[in-house]
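Worksheet: the structure to be examined is printed underneath.
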Amino acid sequence: MGDPATIQVGKETRKKLKELRITRRGTYDEILNRLMKNATDSKNKD
Numbered sequence: 005m006g007d008p009a010t011i012q013v014g015k016e017t018r019k020k021l022k023e024l025r026i027t028r029r030g031t032y033d034e035i036l037n038r039l040m041k042n043a044t045d046s047k048n049k050d
């Protein structure tokens with residue numbers, strides 16, 4: 005795996021990510037990793 009990617013998060017995206025937090029201390033990395041895992045899992049079911 006290469007260097008980590010940098011993602012710029014806009015104001016509206018930050019608001020939506022905040023709504024996806026499971027815990028108050030959830031980080032953007034945790035949220036994005038969970039979303040990517042869910043996408044990968046659903047793709048593998050097909």
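The numbers in the sequence shown follow our numbering, run straight up by one, and end at 50.
For every residue, glycine included, the Cβ atom is placed at its ideal position computed from N, Cα and C.
{"Asked": "Inspect the beta-carbon positions of L21 and Y32 and report whether they are closer than 8 Å.", "Found": "yes"}
{"Asked": "What are the boundary residues of the alpha helix (DSSP H) that D33 is part of?", "Found": "Y32 to K49"}
{"Asked": "Following the continuous alpha helix (DSSP H) through T17, name the residue where it begins and the one where it ends.", "Found": "K15 to L24"}
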